[in-house]
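In the numbering used here, the protein residues as written are 2 to 509. Glycine residues also receive a C-beta, built at the ideal position from the N, C-alpha and C atoms.
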């Protein structure tokens with residue numbers, strides 16, 4: 002039966018009211034979640050380390066987490082999602098509802114008892130991992146990892162019982178819409194190009210990197226990194242650059258860095274976190290706390306940080322106009338160093354055992370290794386007890402080296418202690434996305450290279466804000482890349498970038 006105009010109007014008005022209520026509930030949950038991030042920032046940056054402070058903060062975090070969980074799993078959200086007539090909504094509103102629905106499905110799909118079981122096990126597993134890593138004793142960590150693998154398989158089954166690939170379900174918690182088929186295709190293409198390239202570079206003379214090992218006074222590093230952050234477009238009116246044990250971005254775009262791993266690591270860390278911070282600051286404030294005001298995915302977020310780190314802070318163009326300022330501030334350490342020598346040292350390629358210390362060419366090999374192992378653990382084709390041997394074999398295949406012990410091998414990452422299976426691929430998706438977006442910006446902004454050489458990042462940041470940041474989660478990752486560049490995410494621009502850069506650097 003055809004609806005009368007009056008019925009259509011009533012349905013539209015009813016849906017509008019329900020939509021407004023749904024968004025308000027979602028925003029409240031998002032704002033509490035953001036508050037949890039903010040006190041996390043305080044914990045890492047400002048909070049005293051005394052036992053009482055730690056205990057009080059633990060109680061605060063636990064209380065807020067309980068409130069947040071109650072909000073995101075509210076039965077009322079489920080009722081509204083079932084009742085809303087999506088066909089009467091605008092495109093943006095429909096996208097909002099879709100994202101809330103996906104969030105709600107993942108939040109309520111996993112039984113509270115299972116979440117509590119994993120949380121408890123994760124605490125125990127981290128302690129066991131730290132001890133195992135210190136003692137080079139994988140066997141002592143093995144039973145914890147076996148339990149985590151089993152529990153995360155159950156999580157995947159609860160979220161999507163129709164998907165026979167548990168790893169794909171977990172992956173989509175970090176990168177919505179990504180499939181194993183597509184990821185396999187990406188990694189196969191990257192492997193085919195990068196493994197031979199790494200081997201060829203290994204036969205060439207290494208650049209002099211002695212300048213990177215020289216000490217720069219902390220006060221000079223702090224001053225220069227703050228200048229660099231501003232140069233890269235970081236908004237200090239709404240953000241801060243502080244010092245912490247590990248570089249991070251949390252809260253509303255607050256960034257931190259560390260200065261204990263060398264001055265170059267600090268410099269690149271600032272660029273990386275500024276990319277994250279700029280994304281946070283440019284999300285639409287009117288949708289704060291809801292999907293339309295939230296970053297698209299971890300891969301897209303990482304694309305913003307790696308674009309600033311690799312395509313700007315490790316580029317020849319940027320340092321053409323800015324090296325003299327760095328040289329003057331870091332004098333006398335950089336006295337007599339040429340731009341070419343600096344550029345070569347900054348872009349050293351050298352296979353190593355530790356992922357977080359890897360250069361940009363070998364880094365993805367570390368991710369491929371972890372992806373293949375995680376996927377095999379989840380589908381049952383790899384037993385946890387065999388992990389160390391498989392790890393070492395894949396290191397040999399991908400990087401031509403074998404770690405002398407498990408501490409430098411399969412025990413190096415903390416990610417598995419809380420069951421973060423599926424997280425690692427987002428690092429490579431970020432690198433692929435960064436190359437794709439930078440190529441798109443180059444094609445659409447004729448003055449981009451000149452601007453970068455002159456230290457003017459405003460045209461690049463405006464392009465990123467217009468094409469990526471302002472959309473939040475309105476579009477899927479593929480739609481976002483298509484709107485920004487004309488086509489969805491592919492590895493082509495990434496492989497072209499790596500091949501051209503390192504062929505020229507090492508005169509291959």
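Do residue j and residue i come within 8 Å of each other at the CB atom, strictly closer than that value?
i           : j           : result
residue 296 : residue 280 : yes
residue 258 : residue 248 : yes
residue 410 : residue 393 : yes
residue 234 : residue 449 : no
residue 436 : residue 494 : yes
residue 365 : residue 432 : yes
residue 129 : residue 142 : yes
residue 171 : residue 152 : no
residue 412 : residue 134 : yes
residue 446 : residue 190 : no
residue 245 : residue 45  : yes
residue 343 : residue 324 : yes
residue 399 : residue 503 : no
residue 277 : residue 306 : yes
residue 72  : residue 26  : yes
State the beta-bridge partners of residue i as determined by DSSP.
i           : result
residue 244 : 258
residue 250 : 256
Give me the Cβ distance between residue i and residue j, rounded to the nearest whole Å; I'm assuming they're in contact under 8 Å.
i           : j           : result
residue 167 : residue 298 : Not really, about 19 Å apart at Cβ, beyond 8 Å.
residue 137 : residue 406 : 5 Å
residue 369 : residue 200 : Wrong, their Cβ atoms sit about 15 Å apart, outside the cutoff.
residue 101 : residue 82  : 7 Å
residue 221 : residue 331 : 6 Å
residue 314 : residue 268 : 7 Å
residue 159 : residue 292 : 22 Å between Cβ atoms; not a contact.
residue 150 : residue 385 : 6 Å
residue 85  : residue 6   : Not a contact, Cβ separation roughly 21 Å.
In whole angstroms, give me the CA-to-CA distance for residue i and residue j.
i           : j           : result
residue 480 : residue 218 : 46 Å
residue 124 : residue 396 : 29 Å
residue 403 : residue 99  : 46 Å
residue 78  : residue 23  : 6 Å
residue 283 : residue 294 : 9 Å
residue 335 : residue 379 : 49 Å
residue 438 : residue 9   : 43 Å
residue 430 : residue 303 : 8 Å
residue 174 : residue 508 : 42 Å
residue 274 : residue 107 : 28 Å
residue 341 : residue 208 : 10 Å
residue 118 : residue 65  : 19 Å
residue 488 : residue 48  : 46 Å
residue 425 : residue 169 : 13 Å
residue 62  : residue 37  : 7 Å
residue 40  : residue 422 : 26 Å
If I follow the unbroken alpha helix (DSSP H) through residue i, where does it start and stop?
i           : result
residue 56  : 52-73
residue 152 : 139-160
residue 277 : 264-283
residue 394 : 388-400
residue 339 : Run containing residue 339: none; DSSP gives neither H nor E here.
residue 195 : 181-203
residue 104 : 92-110
residue 288 : Run containing residue 288: none; DSSP gives neither H nor E here.
residue 368 : 361-380
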